[in-house]
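This report refers to the structure that appears directly beneath it.
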Amino acid sequence: MKKNLLLLLCMFCTLLCPAQERVNRVKLSFEKEGYILEKATGWSYDEYVGEWVDCVNVLESEKKNKAYTTSPSWASGEFNNLISLQFKTITYNNQLYYALVWHKWDGAYEYPDIQVNWEYWRTKVFMMFTQQDIYKLRNLTNKPLTIKVSSPSTDRYNTAADVDVIQSEMNSGYVKQLYLVIYKATDGSIRFLFRLYDWDSYDIKTQYFEITEAEYLKLISISNGDAEIEKMENPPLANQSPKQENTPSDEEEEVIYMVVEKMPEFPGGQQAMSQFLSESVVYPQDAYANGIQGRVICQFIVEKDGRVNDIQVVRSSGDSSLDKEAVRVIKNMPNWTPGTQRGKPVRVKFTIPINFRLPNG
332 MKKNLLLLLC MFCTLLCPAQ ERVNRVKLSF EKEGYILEKA TGWSYDEYVG
382 EWVDCVNVLE SEKKNKAYTT SPSWASGEFN NLISLQFKTI TYNNQLYYAL
432 VWHKWDGAYE YPDIQVNWEY WRTKVFMMFT QQDIYKLRNL TNKPLTIKVS
482 SPSTDRYNTA ADVDVIQSEM NSGYVKQLYL VIYKATDGSI RFLFRLYDWD
532 SYDIKTQYFE ITEAEYLKLI SISNGDAEIE KMENPPLANQ SPKQENTPSD
582 EEEEVIYMVV EKMPEFPGGQ QAMSQFLSES VVYPQDAYAN GIQGRVICQF
632 IVEKDGRVND IQVVRSSGDS SLDKEAVRVI KNMPNWTPGT QRGKPVRVKF
682 TIPINFRLPN G
């Protein structure tokens, strides 16, 4: 009797308990896609021969190996190699991320203990930058910037969609971390590399990828989320409410950019500026007589109306007369076409080199 009552009770409870529903995970999707960068010059200093080695899309520190760097098999042995870079936006847990899709080569030995049969394959690494990170990347300086980000990645056996890889690894709480080290060189180029650890052997002083400023601006320009980044770039003054327009009383209070969507331009472009410099530079007499040559790196601000202002020598030639002549020439430049950010003229810091070379130098 007791057994029958127990059986009936179990059946009754089973009827009361609803079956567990099968609910699929909400699928994420990329919202915006940016420019695809497919070429970067990799520079490394070979200490043994005392020379810089340049390779396409890979950092190779030994000159003797340069001939092999075009091979995917060889490139896959270097952590810093790339096939392409592209930013895509994705919203995860109500936060907007700029996912840098780093398409690269990876490899391993089939028998690692005896290092036999090297195999290589394409893989993708997703570096998850926040809006604040992107703000920093849009305002680079000459000081190297290191940004640590979460970095889901695929492997050779993973055929899941990119968004599923990101979502699964971000959900796991054990996602790998990577570092981007980047800065703007005095010649205006952008230099960067990737690190597995903050303390690893890659030193941006002796190894880096290099791209032009124009390529970099195309790479980081992606429209989604720009409104929030604009708030970071143009914060209201302390005595203003957030809704008031930021109208500082003088130019010194305004933001000075290093990188903008459209950089300032000398009238007529780069070729016209080179001609202006060659025609305007007057070689200092004492320096000429003493056979002194050199290169002066000057930095200045192109104002919103195109005026050249606040000229500084950031790297001296070693001779004060050459430095002074470089500053004089820049002061006499005509107004530039100002730089713009989201269609509005802004103040931009610009850097140019001026070379002083004697005819037989």
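Just so you know, we're using the numbering used here here: the sequence shown kicks off at 332 and counts up by one.
Virtual Cβ for every residue (Gly too), placed ideally from N, Cα, C.
First and last residue of the alpha helix (DSSP H) that includes residue i?
{"i": "Pro-403", "result": "403-406"}
Would you kindly report the start and end of the unbroken beta strand (DSSP E) that includes residue i?
{"i": "Met-458", "result": "447-460"}
{"i": "Ile-685", "result": "675-687"}
{"i": "Phe-418", "result": "415-423"}
{"i": "Arg-438", "result": "Sequence inspection shows Gly at residue 438; the Arg mentioned does not correspond to that position. Element bounds for Gly-438: 426-442."}
{"i": "Thr-372", "result": "372-377"}
{"i": "Val-389", "result": "Note, Val-389: premise wrong, no beta strand (DSSP E); not H, not E."}
With 16 other CB atoms within 10 Å as the buried threshold, where does residue i fall?
{"i": "Ile-632", "result": "buried"}
{"i": "Val-512", "result": "buried"}
{"i": "Lys-395", "result": "exposed"}
{"i": "Glu-559", "result": "At Glu-559 the pLDDT is 48, less than 50, meaning the model places this residue with poor confidence and gives no usable figure here."}
{"i": "Ile-445", "result": "exposed"}
{"i": "Ser-481", "result": "buried"}
{"i": "Leu-431", "result": "buried"}
{"i": "Asn-412", "result": "buried"}
{"i": "Tyr-379", "result": "exposed"}
{"i": "Ser-572", "result": "Low per-residue confidence applies at Ser-572: pLDDT is 41, beneath 50, and the placement is therefore not dependable, though the value from the model is reported in the following sentence. Looking at its Cβ environment, which holds fewer than 16 other Cβ atoms inside 10 Å, Ser-572 is exposed."}
{"i": "Gln-672", "result": "buried"}
{"i": "Asp-674", "result": "According to the sequence shown, residue 674 is Gly rather than Asp. Counting Cβ neighbours within 10 Å, Gly-674 comes out exposed, since fewer than 16 surround it."}
{"i": "Glu-352", "result": "exposed"}
{"i": "Arg-469", "result": "buried"}
{"i": "Tyr-442", "result": "exposed"}
{"i": "Gly-600", "result": "exposed"}
{"i": "Glu-391", "result": "buried"}
{"i": "Leu-689", "result": "exposed"}
{"i": "Asn-577", "result": "Residue confidence for Asn-577 is low, a pLDDT of 40 falling below 50, so the modelled location carries little weight; the figure read from the coordinates is stated next. Exposed, because fewer than 16 other Cβ atoms sit within 10 Å of the Cβ of Asn-577."}
{"i": "Val-382", "result": "The sequence given here places Glu at residue 382; Val does not occur at that position. Per the 10 Å Cβ criterion, exposed."}
{"i": "Gln-605", "result": "In the sequence as displayed, the identity of residue 605 is Ser instead of Gln. Ser-605 comes out exposed."}
{"i": "Glu-393", "result": "exposed"}
{"i": "Asn-502", "result": "exposed"}
{"i": "Ser-609", "result": "exposed"}
{"i": "Tyr-440", "result": "exposed"}
From this set, the options, which residue's C-alpha is nearest residue i's C-alpha?
{"i": "Thr-668", "options": "Pro-403, Gly-625, Met-594 and Leu-653", "result": "Met-594"}
{"i": "Tyr-366", "options": "Arg-353, Asn-388, Tyr-547 and Glu-393", "result": "Tyr-547"}
{"i": "Gln-515", "options": "Thr-472, Ser-481 and Ser-482", "result": "The amino acid at residue 515 is misidentified as Gln; the sequence shows Lys. Among Thr-472, Ser-481 and Ser-482, the Cα nearest to that of Lys-515 is on Thr-472."}
{"i": "Ile-661", "options": "Asn-691, Pro-690, Ile-521 and Cys-629", "result": "Cys-629"}
{"i": "Thr-477", "options": "Leu-527, Gly-519, Glu-441 and Lys-455", "result": "Leu-527"}
{"i": "Asn-355", "options": "Ser-605, Ser-481, Trp-374 and Asp-495", "result": "Asp-495"}
{"i": "Glu-596", "options": "Glu-541, Arg-522 and Thr-682", "result": "Thr-682"}
{"i": "Phe-687", "options": "Leu-390, Val-677 and Val-658", "result": "Val-658"}
{"i": "Gly-519", "options": "Pro-684, Ile-414 and Trp-374", "result": "Pro-684"}
{"i": "Thr-485", "options": "Pro-475, Ile-497 and Lys-474", "result": "Ile-497"}
{"i": "Pro-598", "options": "Asn-666, Lys-536 and Glu-544", "result": "Asn-666"}
{"i": "Gly-504", "options": "Ala-492, Pro-483, Thr-517 and Leu-524", "result": "Pro-483"}
{"i": "Asn-691", "options": "Val-612, Ala-620 and Val-644", "result": "Ala-620"}
{"i": "Ala-545", "options": "Glu-352, Val-357 and Leu-368", "result": "Leu-368"}
{"i": "Ser-375", "options": "Tyr-539, Arg-453, Arg-353 and Asn-424", "result": "Tyr-539"}
{"i": "Ile-542", "options": "Lys-370, Phe-361 and Lys-358", "result": "Lys-370"}
{"i": "Ser-499", "options": "Asn-424, Leu-608 and Ile-414", "result": "Asn-424"}
{"i": "Ala-492", "options": "Thr-454, Phe-525 and Ile-521", "result": "Thr-454"}
{"i": "Lys-655", "options": "Ile-535, Asn-640, Arg-638 and Tyr-614", "result": "Tyr-614"}
Looking only at its own chain, which residues have a Cβ that is under 8 angstroms from the Cβ of residue i, when we skip the five neighbours before and after it?
{"i": "Tyr-428", "result": "Thr-420, Ile-421, Thr-422, Met-459, Phe-460 and Thr-461"}
{"i": "Met-563", "result": "Residue placement at Met-563 cannot be trusted, given a pLDDT of 47 that sits under 50; what the coordinates show is reported in the next sentence. Taken in chain order, the residues that qualify are Gln-462, Gln-463 and Tyr-466."}
{"i": "Glu-583", "result": "Because the pLDDT at Glu-583 is just 38, under 50, the model does not fix this residue reliably, and the point stays unresolved."}
{"i": "Pro-676", "result": "Lys-635, Asp-636, Pro-669 and Gly-670"}
{"i": "Ser-552", "result": "Gly-365, Tyr-366 and Glu-592"}
{"i": "Lys-479", "result": "Gln-508, Leu-509, Tyr-510 and Asp-529"}
{"i": "Asn-663", "result": "Ser-611"}
{"i": "Asn-555", "result": "Because Asn-555 sits at a pLDDT of 45, beneath the cut-off of 50, its placement in the model cannot be relied upon, and the following sentence gives the value as read from the coordinates. Glu-362, Lys-363, Thr-420 and Leu-427, listed in sequence order."}
Among the residues of its own chain, which have a CB less than 7 angstroms from the CB of residue i, if the five just before and after it don't count?
{"i": "Ser-407", "result": "Trp-436, Asp-437, Gly-438 and Tyr-451"}
{"i": "Asp-650", "result": "Ala-618, Ile-623 and Gly-625"}
{"i": "Tyr-399", "result": "Trp-405"}
{"i": "Lys-474", "result": "Tyr-514"}
{"i": "Ala-603", "result": "Phe-597"}
{"i": "Phe-523", "result": "Leu-511, Val-512, Ile-513, Tyr-539 and Phe-540"}
{"i": "Asp-377", "result": "Val-384, Ser-392, Glu-393 and Lys-394"}
{"i": "Thr-517", "result": "Asn-473, Ile-628, Val-645, Arg-646 and Thr-682"}
{"i": "Trp-449", "result": "Ser-404, Gly-438 and Tyr-440"}
Beta carbon of residue i: closer than 8 angstroms to some heavy atom of the ligand FAD?
{"i": "Leu-413", "result": "No copy of the ligand FAD appears in this structure; indeed no ligand is present at all."}
Looking only at its own chain, which residues have a Cβ that is under 6 angstroms from the Cβ of residue i, when we skip the five neighbours before and after it?
{"i": "Val-679", "result": "Tyr-588, Val-591, Pro-595, Val-633 and Gly-670"}
{"i": "Asp-385", "result": "Thr-372 and Trp-374"}
{"i": "Lys-549", "result": "Tyr-366"}
{"i": "Thr-537", "result": "Tyr-376"}
{"i": "Asn-640", "result": "Ile-632 and Glu-634"}
>> For a minimum of 4 consecutive residues, which ranges assigned as the alpha helix (DSSP H) are wholly contained in the region 596-673?
In response: The region 596-673 contains these whole alpha helix (DSSP H) runs: 601-611, 616-620 and 651-662.
>> Extract the residue ranges of the alpha helix (DSSP H) inside the region 478-552, only unbroken runs of 4 or more that lie entirely within it.
In response: If we require 4 residues or more, the alpha helix (DSSP H) runs fully inside the region 478-552 come out as 493-503 and 544-551.
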